[in-house]
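Trainee: Before anything else, here's the structure in question.
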Amino acid sequence: MELTEISHDITDWFSGTGPLADIVVSSRIRLARNLAGHRFLNSCSVEEKAEILEKLKSVLMSLDLGDEVFYVSVDKEPELTRNFLVERHLISRHHAMATGPRGAVIARREFFTAMLNEEDHLRLQVLKAGCQLRACAEQIDRIDSLIEGRVEYAFNPRFGYLTACPTNLGTGIRVSVMLHMPALKLTNQIDKFMNAAKDMNLAVRGLFGEGTEAASDLYQISNQVTLGVSERHIVSEFENVVIPEIVEYEKAARRQLLDKDKDTLDDKIARAMALLQNAHLISSQEALFLLSHLRLGLNMHEHMGASTPAIERLCALRASASERDKLTIRTINRLFMLTLPAHLQVNYGKSLDPTHRDALRAKIIRDALTQQS
Amino acid sequence: MQCQACGKRTATIHLTEINEGVRTELHICEHCASEQGIATHSQMSINELLSHLLAVQPSDEEMFGPAEKDLLCPTCGFTLDRLRKEGTLGCPLDYKVFEQALLPLIERAHGGKNSHCGKVPTKLPTDTKKFVELSQLRQQLEEAVRDEDYELAARLRDRMKQLE
Numbered sequence: 001m002e003l004t005e006i007s008h009d010i011t012d013w014f015s016g017t018g019p020l021a022d023i024v025v026s027s028r029i030r031l032a033r034n035l036a037g038h039r040f041l042n043s044c045s046v047e048e049k050a051e052i053l054e055k056l057k058s059v060l061m062s063l064d065l066g067d068e069v070f071y072v073s074v075d076k077e078p079e080l081t082r083n084f085l086v087e088r089h090l091i092s093r094h095h096a097m098a099t100g101p102r103g104a105v106i107a108r109r110e111f112f113t114a115m116l117n118e119e120d121h122l123r124l125q126v127l128k129a130g131c132q133l134r135a136c137a138e139q140i141d142r143i144d145s146l147i148e149g150r151v152e153y154a155f156n157p158r159f160g161y162l163t164a165c166p167t168n169l170g171t172g173i174r175v176s177v178m179l180h181m182p183a184l185k186l187t188n189q190i191d192k193f194m195n196a197a198k199d200m201n202l203a204v205r206g207l208f209g210e211g212t213e214a215a216s217d218l219y220q221i222s223n224q225v226t227l228g229v230s231e232r233h234i235v236s237e238f239e240n241v242v243i244p245e246i247v248e249y250e251k252a253a254r255r256q257l258l259d260k261d262k263d264t265l266d267d268k269i270a271r272a273m274a275l276l277q278n279a280h281l282i283s284s285q286e287a288l289f290l291l292s293h294l295r296l297g298l299n300m301h302e303h304m305g306a307s308t309p310a311i312e313r314l315c316a317l318r319a320s321a322s323e324r325d326k327l328t329i330r331t332i333n334r335l336f337m338l339t340l341p342a343h344l345q346v347n348y349g350k351s352l353d354p355t356h357r358d359a360l361r362a363k364i365i366r367d368a369l370t371q372q373s
Numbered sequence: 374m375q376c377q378a379c380g381k382r383t384a385t386i387h388l389t390e391i392n393e394g395v396r397t398e399l400h401i402c403e404h405c406a407s408e409q410g411i412a413t414h415s416q417m418s419i420n421e422l423l424s425h426l427l428a429v430q431p432s433d434e435e436m437f438g439p440a441e442k443d444l445l446c447p448t449c450g451f452t453l454d455r456l457r458k459e460g461t462l463g464c465p466l467d468y469k470v471f472e473q474a475l476l477p478l479i480e481r482a483h484g485g486k487n488s489h490c491g492k493v494p495t496k497l498p499t500d501t502k503k504f505v506e507l508s509q510l511r512q513q514l515e516e517a518v519r520d521e522d523y524e525l526a527a528r529l530r531d532r533m534k535q536l537e
């Protein structure tokens with residue numbers, strides 16, 4: 001499969017739809033598994049890693065997932081391809097940067113990935129738009145059971161599914177959601193949110209988290225405890241207790257902006273529109289920062305009926321003809337993804353230096369955000 | 374880049390402080406950051422943060438009792454010293470071999486819990502002995518290949534196929 005078959009668009013999980021979509025961008029569940037009768041990866045020789053890879057590859061590629069699957073030999077792919085897969089959330093950065101035989105099995109519609117020889121022998125992942133953790137859990141459980149019918153997992157009755165790192169022991173399940181929380185930042189309440197998350201035993205990470213800022217105001221929160229609780233309990237607690245509480249923080253902050261600080265809100269949205277429609281050079285960081293404000297404006301209009309001068313002007317923007325009239329969240333998300341560095345270069349057909357990337361990015365965005373005639 | 378506090382995991386949180394033209398950096402992993410309740414917008418100076426973090430890292434003796442330090446996994450040769458350095462275990466059997474030593478670590482990571490109560494595989498697990506033998510055979514096979522004793526390697530491979 002060629003990357004360009006998927007690189008020109010985004011798929012379901014990033015489409016901006018689903019429950020609580022104005023704040024919960026996507027849901028993800030990941031399972032960590034190891035094969036019995038083998039060492040954990042850190043202790044494996046290259047030969048043993050290759051052996052594990054072959055075993056898992058043949059099983060994963062023969063599963064019936066209801067979708068076409070393709071295999072990527074991650075260790076053999078160039079850096080650009082690996083970065084592309086990381087940008088698309090199909091493999092982790094760890095998997096891209098590691099050494100040794102490793103691969104990934106990816107469903108065409110990108111709702112499912114299996115990383116082979118990441119930190120554990122097998123890491124399964126299911127992604128869906130909005131808050132759909134239960135659906136993710138059911139799907140990944142089915143896939144896990146299908147695989148388990150063909151291999152033997154490392155498991156002991158006391159500690160459950162055995163993982164390389166004790167922090168993933170037991171269920172091996174990592175439940176997470178990607179949240180868009182620009183209002184918390186604008187009202188200086190991110191610290192409050194971080195503390196609340198810590199109290200709820202959650203891990204919080206800003207998207208593309210290298211620094212302390214979250215790119216595009218996107219945060220990934222996930223459970224930390226994987227042992228001593230059932231998968232069902234972890235998922236239902238997350239969906240019924242954790243998420244409603246966190247979502248309410250952001251909702252309240254948005255209401256606060258609307259009631260007490262319309263000028264700040266309008267200013268952010270108006271500046272974002274102005275820059276994105278006119279700049280000739282724009283860095284990835286800046287683009288993500290500005291797109292976040294557009295996403296905020298659109299969501300506030302659609303989900304809260306917010307109507308301010310800047311929001312009205314934003315909603316009057318037309319996306320280019322291929323996007324079918326109105327500017328939607330899907331458009332914003334598509335711009336987000338397609339202007340990331342690896343996507344730009346894969347779609348352009350060759351490597352580009354930063355300045356050229358910044359120019360291309362600016363052009364793509366300008367072209368996409370046309371005025372209403 | 375390694376976490377400056379535990380030295381085990383990769384640093385994913387990078388704090389930079391510029392004070393009167395002097396730039397200090399702190400690189401820690403999520404685990405240590407969340408362990409110590411470090412919000413990403415901390416008010417502490419970086420030096421204070423780092424001392425605070427280092428002060429609470431357990432030493433070898435504190436982490437594992439004196440007797441356990443010398444334990445060795447018969448299957449993969451793993452020792453607790455490697456766990457402290459690498460952060461991950463060597464093979465699934467390590468969870469049996471080092472069970473007692475691992476318990477406090479596991480409980481700390483999982484809010485006091487130490488017993489699995491979720492999904493279980495539908496198949497009955499194979500006898501552990503078979504896996505220990507497989508592991509040993511694999512090690513012998515690697516040595517045989519290294520020593521270019523291909524006859525021995527072939528015999529070992531056959532034996533492994535039989536077991537599997």
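Protein chains in written order, with the working numbering: chain A, 1 to 373; chain B, 374 to 537.
All C-beta atoms in this analysis are idealised placements derived from N, C-alpha and C, irrespective of residue type, glycine included.
Under 8 Å between the Cβ atoms of residue 165 (chain A) and residue 119 (chain A)?
Mentor: Within the first sequence, the letter at position 165 stands for residue 165 (chain A). Within the first sequence, the letter at position 119 stands for residue 119 (chain A). Against a cut-off of 8 Å, the Cβ pair of residue 119 (chain A) and residue 165 (chain A) comes out as a contact.
Trainee: Does the beta-carbon distance from residue 12 (chain A) to residue 109 (chain A) come in below 8 Å?
Mentor: On the first sequence, position 12 is the one that residue 12 (chain A) refers to. On the first sequence, position 109 is the one that residue 109 (chain A) refers to. Yes, the pair counts as a contact, with Cβ atoms nearer than the cut-off.
Trainee: Taking the alpha helix (DSSP H) that residue 297 (chain A) falls in, what are its first and last residues?
Mentor: The count along the first sequence starts at 1 and reaches residue 297 (chain A) at position 297. That run of the alpha helix (DSSP H) goes 284-304.
Trainee: First and last residue of the beta strand (DSSP E) that includes residue 69 (chain A)?
Mentor: Along the first sequence, read from residue 1 onward, the residue named residue 69 (chain A) stands at position 69. Residues 69-72.
Trainee: Alpha helix (DSSP H) containing residue 359 (chain A): first to last residue?
Mentor: If you number the first sequence from 1, residue 359 (chain A) lands on position 359. Unbroken alpha helix (DSSP H) run through residue 359 (chain A): 354-368.
Trainee: Using a Cβ-Cβ cut-off of 7 Å (strictly less than) and excluding sequence neighbours within five positions of residue 146 (chain A), which residues of its own chain qualify?
Mentor: Position 146 of the first sequence, counted from the start, is the residue given in the question as residue 146 (chain A). 63.
Trainee: Can you check whether the CB of residue 49 (chain A) is closer than 8 Å to the CB of residue 117 (chain A)?
Mentor: Residue mapping note: residue 117 (chain A) aligns to position 117 of the first sequence, counting from 1. Residue mapping note: residue 49 (chain A) aligns to position 49 of the first sequence, counting from 1. Yes, they are a contact pair.
Trainee: Report the option in A:61, A:65, A:35, A:60 whose CA atom is closest to the CA atom of residue 52 (chain A).
Mentor: By 1-based counting over the first sequence, the position of residue 52 (chain A) is 52. When each option's Cα is compared against that of residue 52 (chain A), the closest is A:35.
Trainee: Please tell me whether residue 169 (chain A) has its Cβ less than 8 Å away from any Cβ of chain B.
Mentor: Along the first sequence, read from residue 1 onward, the residue named residue 169 (chain A) stands at position 169. Closer than 8 Å to some Cβ of chain B, the Cβ of residue 169 (chain A) qualifies, so yes.
Trainee: Decide yes or no for the touch test of the segment 297-308 of chain A against the segment 376-394 of chain B: beta carbon pairs closer than 8 Å, at least 3 of them.
Mentor: The answer is no - the segment 376-394 of chain B does not touch the segment 297-308 of chain A, with fewer than three Cβ pairs under 8 Å.
Trainee: Would residue 104 (chain A) pass as a contact of residue 74 (chain A) if the rule is Cβ separation under 8 Å?
Mentor: To locate residue 104 (chain A), count along the first sequence from 1; it is residue 104. To locate residue 74 (chain A), count along the first sequence from 1; it is residue 74. Going by C-beta atoms, residue 104 (chain A) is nearer than 8 Å to residue 74 (chain A).
Trainee: Take every Cβ of the segment 81-91 of chain A, pair it with every Cβ of the segment 128-139 of chain A, and state whether three or more of those distances are shorter than 8 Å.
Mentor: Too few Cβ pairs lie closer than 8 Å, so no.
Trainee: Quick check on the burial criterion: 16 or more other C-beta atoms within 10 angstroms. Buried or exposed for residue 197 (chain A)?
Mentor: By 1-based counting over the first sequence, the position of residue 197 (chain A) is 197. It is buried - the Cβ of residue 197 (chain A) has at least 16 other Cβ atoms within 10 Å.
Trainee: Starting from residue 396 (chain B), trace the beta strand (DSSP E) both ways and give me its first and last residue.
Mentor: Here residue 396 (chain B) corresponds to residue number 23 of the second sequence, with the count starting at 1. It spans 395-401 - the beta strand (DSSP E) in which residue 396 (chain B) sits, taken as one unbroken run.
Trainee: For residue 526 (chain B), decide whether its Cβ has a neighbour in chain A, counting only Cβ atoms nearer than 8 Å.
Mentor: Stepping through the second sequence from its first residue, residue 526 (chain B) is reached at position 153. Cβ-Cβ to chain A under 8 Å: no for residue 526 (chain B).
Trainee: Could you tell me if residue 468 (chain B) is buried or exposed, where buried requires 16 or more neighbouring beta carbons within 10 angstroms of its beta carbon?
Mentor: One-based indexing of the second sequence puts residue 468 (chain B) at position 95. Counting Cβ neighbours within 10 Å, residue 468 (chain B) comes out buried, since at least 16 surround it.
Trainee: Secondary structure at residue 273 (chain A), three-state DSSP: helix, strand or coil?
Mentor: Looking up residue 273 (chain A) in the first sequence gives position 273. Note: residue 273 (chain A) maps to helix in three-state DSSP.
Trainee: Give me the Cα-Cα distance between residue 226 (chain A) and residue 477 (chain B), rounded to the nearest whole angstrom.
Mentor: Locating residue 226 (chain A) in the first sequence gives position 226, counting from the first residue. Locating residue 477 (chain B) in the second sequence gives position 104, counting from the first residue. Whole-angstrom Cα-Cα distance: 15 Å.
Trainee: Taking only beta-carbon atoms, is residue 241 (chain A) less than 8 Å away from chain B?
Mentor: Counted from its first residue, the first sequence places residue 241 (chain A) at position 241. Chain B contact via Cβ: absent.
Trainee: Determine the burial state of residue 345 (chain A): buried for a count of at least 16 other Cβ atoms within 10 Å of its Cβ, exposed for fewer.
Mentor: Walking along the first sequence from the start, residue 345 (chain A) turns up at place 345. Buried, by the Cβ-count rule.
Trainee: How should residue 535 (chain B) be labelled, buried or exposed, when 16 other C-beta atoms within 10 angstroms of its C-beta is the threshold for buried?
Mentor: As a position in the second sequence, residue 535 (chain B) is number 162, starting the count at 1. Its Cβ having fewer than 16 others within 10 Å, residue 535 (chain B) is exposed.
Trainee: Beta carbon of residue 84 (chain A), beta carbon of residue 216 (chain A): below 8 Å?
Mentor: Here residue 84 (chain A) corresponds to residue number 84 of the first sequence, with the count starting at 1. Here residue 216 (chain A) corresponds to residue number 216 of the first sequence, with the count starting at 1. Contact flag unset, no.
Trainee: For residue 86 (chain A), count neighbouring Cβ atoms within 10 angstroms of its own Cβ and tell me buried if that reaches 16, exposed if not.
Mentor: Position 86 of the first sequence, counting from 1, holds the residue named residue 86 (chain A). Counting Cβ neighbours within 10 Å, residue 86 (chain A) comes out buried, since at least 16 surround it.
Trainee: Under 8 Å by Cβ, that's how I've got residue 282 (chain A) and residue 16 (chain A) pegged, so tell me the actual separation to the nearest angstrom.
Mentor: Numbered from its first residue, the first sequence carries residue 282 (chain A) at position 282. Numbered from its first residue, the first sequence carries residue 16 (chain A) at position 16. Wrong, their Cβ atoms sit about 22 Å apart, outside the cutoff.
Trainee: Using the Cβ count rule (16 or more neighbours within 10 Å means buried), how would you classify residue 568 (chain B)?
Mentor: Nothing about residue 568 (chain B) can be read from this structure; chain B reaches only from 374 to 537.
Trainee: Is residue 183 (chain A) near residue 254 (chain A), with beta carbons less than 8 Å apart?
Mentor: One-based indexing of the first sequence puts residue 183 (chain A) at position 183. One-based indexing of the first sequence puts residue 254 (chain A) at position 254. Yes. Within cutoff.
Trainee: Can you tell me which residues form a DSSP beta bridge with residue 205 (chain A)?
Mentor: As a position in the first sequence, residue 205 (chain A) is number 205, starting the count at 1. Answer by DSSP bridge pairing, in chain order: A:220.
Trainee: Are the CB atoms of residue 176 (chain A) and residue 28 (chain A) within a distance shorter than 8 Å?
Mentor: Residue 28 (chain A) sits at position 28 when you count from the first residue of the first sequence. Residue 176 (chain A) sits at position 176 when you count from the first residue of the first sequence. Contact: yes.
Trainee: Using the beta-carbon of each residue, which ones in chain C are nearer than 8 Å to residue 396 (chain B)?
Mentor: Given the protein chain composition of this structure (A and B), no chain C is represented.
Trainee: Could you check the C-alpha separation between residue 400 (chain B) and residue 496 (chain B) for me, to the nearest Å?
Mentor: Position 27 of the second sequence, counting from 1, holds the residue named residue 400 (chain B). Position 123 of the second sequence, counting from 1, holds the residue named residue 496 (chain B). In a straight line, the C-alpha of residue 400 (chain B) is about 44 Å away from that of residue 496 (chain B).
Trainee: Is there a Cβ from chain A that is less than 8 Å from the Cβ of residue 521 (chain B)?
Mentor: Within the second sequence, residue 521 (chain B) is the residue found at index 148, counting from 1. Taking Cβ atoms only, chain A never reaches closer than 8 Å to residue 521 (chain B), which makes this a no.
Trainee: Are the CB atoms of residue 420 (chain A) and residue 128 (chain A) nearer to each other than 8 Å?
Mentor: Summary: the structure shown does not reach residue 420 (chain A), with chain A confined to residues 1 through 373, and so no result is reported for it.
Trainee: Which chain A residues sit within Cβ distance under 7 Å of residue 465 (chain B)?
Mentor: Along the second sequence, one-based indexing puts residue 465 (chain B) at 92. Under the 7 Å cutoff, chain A gives 34, 36, 154, 162.
Trainee: Excluding sequence positions up to five away, which residues of its chain have a Cβ less than 7 Å from the Cβ of residue 358 (chain A)?
Mentor: Translated into positions along the first sequence, residue 358 (chain A) becomes position 358. These residues qualify, in order along the chain: 281, 282, 283.
Trainee: Between residue 515 (chain B) and chain A, is there a C-beta pair that is closer than 8 Å?
Mentor: Looking up residue 515 (chain B) in the second sequence gives position 142. For residue 515 (chain B), the answer is yes, since a Cβ of chain A falls inside 8 Å of its Cβ.
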